[in-house]
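Engineer: Sending over a structure as structure tokens; questions will come in a sec.
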Amino acid sequence: MVKPSAYYTYTLRAELMIRQIADYGYQDKGLKLIEKGSNDVETALFFNPTSNSANLLNCKYLILKLEVESDQQAREAIWTKLRSALTRAEHYSPRIYNHVSVDMDWINIVTETLKLQDEVKNGVQPDQLRELDQSINNIIARADSLSSQVELLQKRWVAHQHVFHATELSQRAQALVQALKQARKQQSWQGINLNVFKELDRPSILNASYMANR
7 MVKPSAYYTY
17 TLRAELMIRQ
27 IADYGYQDKG
37 LKLIEKGSND
47 VETALFFNPT
57 SNSANLLNCK
67 YLILKLEVES
77 DQQAREAIWT
87 KLRSALTRAE
97 HYSPRIYNHV
107 SVDMDWINIV
117 TETLKLQDEV
127 KNGVQPDQLR
137 ELDQSINNII
147 ARADSLSSQV
157 ELLQKRWVAH
167 QHVFHATELS
177 QRAQALVQAL
187 KQARKQQSWQ
197 GINLNVFKEL
207 DRPSILNASY
217 MANR
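In my numbering, the protein residues as written are 7 to 220.
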């Protein structure tokens, strides 16, 4: 008989593999780790489908799969799974001052930036500019929302590790915003190039300091 907490073993192992994947990247070892970590996340969700940590990790691994997949049909299938996974992750995300976790914010920012990269990778036509402008504005709005959440945490939160983690994510988001604004100003769309391996290599605060729904 499997213990109710067994999911935690798979969740923690998948989280640790994220760091290894960042080191190996596109190498064969990295690809195998993405597959193994993804399987662990699926097992964790089987045992505990409401786990915030496992649902957040599921989004991360789907993003990693997008990063290494080149077949367009396969990418579309992954995008479909990712959209569904994001909805579930937001649903089970803990609310801090009526706001989803900073990790959830960051995953949304990364996802929307990847979508933007897909839109510009084959060049940009004049009739696309308005839609691209709106996509960038959406990312900026999410980054600003994350910054506001961090300011609130800095004023009220006593768990310093959480504040440090949230501040780091906010700084990453603002750096990304500056790059997007520069790309828009110069219409140099190929400058939008998010290093997914680097941006997902940090464990979420829920696994770094405490586990929600454990």
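Virtual Cβ for every residue (Gly too), placed ideally from N, Cα, C.
1) Please state whether the Cβ-Cβ distance between residue 182 and residue 93 is less than 8 Å.
2) With a threshold of 8 Å on Cβ separation, who are the neighbours of residue 148 within its own chain once the five nearest residues in sequence on each side are excluded?
3) Quick one: Cα of residue 102 to Cα of residue 35, how far?
4) Taking all protein chains shown into account, do 16 or more other C-beta atoms lie within 10 angstroms of the C-beta of residue 127, making it buried, or fewer, making it exposed?
5) Using the beta-carbon count (16 or more within 10 Å), is residue 86 buried or exposed?
6) Look at residue 17 and residue 57 and say whether their C-beta atoms are less than 8 Å apart.
7) How is residue 75 classed by DSSP in three states: helix, strand or coil?
8) Any chance the CB of residue 95 is under 7 Å from a heavy atom of the ligand HEM?
9) Which class does residue 104 belong to by DSSP, given the choice of helix, strand or coil?
10) Write down the C-beta distance between residue 72 and residue 62 rounded to the nearest angstrom, noting that I regard them as a contact closer than 8 Å.
11) Given a cut-off of 8 Å on the beta-carbon distance, is the pair residue 152 and residue 122 in contact?
12) Which of the three DSSP states, helix, strand or coil, is assigned to residue 31?
13) Skipping 5 residues on each side, what residues in its chain have a beta carbon closer than 6 Å to that of residue 99?
14) Identify the continuous alpha helix (DSSP H) that holds residue 138 and give its terminal residues.
15) May I ask you to report which of helix, strand or coil DSSP gives residue 127?
16) Where does residue 7 land, buried or exposed, given buried means 16+ other C-beta within 10 angstroms?
17) Can you tell which of 46, 172, 48 and 136 has the C-alpha that lies nearest to the C-alpha of residue 155?
18) Between the C-alpha atoms of residue 26 and residue 40, what's the straight-line distance to the nearest angstrom?
19) Report the residue from 138, 136 and 70 whose alpha carbon sits nearest the alpha carbon of residue 42.
20) Would you tell me roughly how many angstroms separate the C-alpha atoms of residue 79 and residue 177, rounded to the nearest one?
21) Take the Cβ of residue 46 as the centre, count every other Cβ of all protein chains shown within 10 Å, and call the residue buried at 16 or more, exposed below.
Structural biologist: In short:
1) For the purposes of this step, residue 182 is taken as residue 176 along the sequence shown, with counting starting at 1. For the purposes of this step, residue 93 is taken as residue 87 along the sequence shown, with counting starting at 1. It is not a contact, given that the beta carbons lie outside the stated cut-off.
2) In the sequence shown, counting from the first residue as 1, residue 148 sits at position 142. Here the set comprises 111, 114, 115, 118 and 179.
3) Here residue 102 refers to the residue found at position 96 of the sequence shown. Here residue 35 refers to the residue found at position 29 of the sequence shown. The straight-line gap from Cα to Cα measures roughly 37 Å.
4) Mapped onto the sequence shown, residue 127 falls at position 121. By the neighbour-count definition (other C-beta atoms within 10 Å, threshold 16), residue 127 is an exposed residue.
5) Looking up residue 86 in the sequence shown gives position 80. Residue 86 should be labelled exposed.
6) Start at 1 with the first residue of the sequence shown, and residue 17 comes out as number 11. Start at 1 with the first residue of the sequence shown, and residue 57 comes out as number 51. Closer than 8 Å, so yes.
7) Numbered from 1 along the sequence shown, position 69 holds the residue referred to as residue 75. Coil at residue 75, not helix or strand.
8) With respect to small molecules bound, the structure shown includes none, and the ligand HEM cannot be examined in it.
9) As a working mapping, residue 104 is identified with position 98 in the sequence shown. Residue 104: coil per DSSP, three-state reduction.
10) As a first step, residue 72 must be located in the sequence shown, where it is residue number 66. As a first step, residue 62 must be located in the sequence shown, where it is residue number 56. That belief does not hold up - the Cβ atoms of residue 72 and residue 62 are roughly 16 Å apart, past 8 Å.
11) Indexing the sequence shown from 1 puts residue 152 at position 146. Indexing the sequence shown from 1 puts residue 122 at position 116. Contact: no.
12) Locating residue 31 in the sequence shown gives position 25, counting from the first residue. Reduced to three states, the DSSP call for residue 31 is coil.
13) If you number the sequence shown from 1, residue 99 lands on position 93. So the qualifying residues of the chain are 58, 106, 107 and 110.
14) For this step, residue 138 is matched to residue 132 along the sequence shown. 135-162 is the span of the alpha helix (DSSP H), which, as asked, contains residue 138.
15) Within the sequence shown, residue 127 is the residue found at index 121, counting from 1. Note: residue 127 maps to coil in three-state DSSP.
16) Residue mapping note: residue 7 aligns to position 1 of the sequence shown, counting from 1. Confidence is the limiting factor: at residue 7 the pLDDT is only 44, short of 50, which leaves the residue's position unreliable and the question unanswerable from this model.
17) Here residue 155 is taken as the residue at index 149 of the sequence shown, counted from 1. Answer by Cα proximity: 172.
18) Working through the sequence shown from its first residue, we reach residue 26 at position 20. Working through the sequence shown from its first residue, we reach residue 40 at position 34. Computed Cα separation, rounded: 10 Å.
19) As a first step, residue 42 must be located in the sequence shown, where it is residue number 36. With distances taken between Cα atoms, residue 42 lies closest to 70.
20) For the purposes of this step, residue 79 is taken as residue 73 along the sequence shown, with counting starting at 1. For the purposes of this step, residue 177 is taken as residue 171 along the sequence shown, with counting starting at 1. Cα to Cα, the separation comes out at about 34 Å.
21) Along the sequence shown, read from residue 1 onward, the residue named residue 46 stands at position 40. Classification of residue 46: buried, given that the 10 Å Cβ count is 16 or more.
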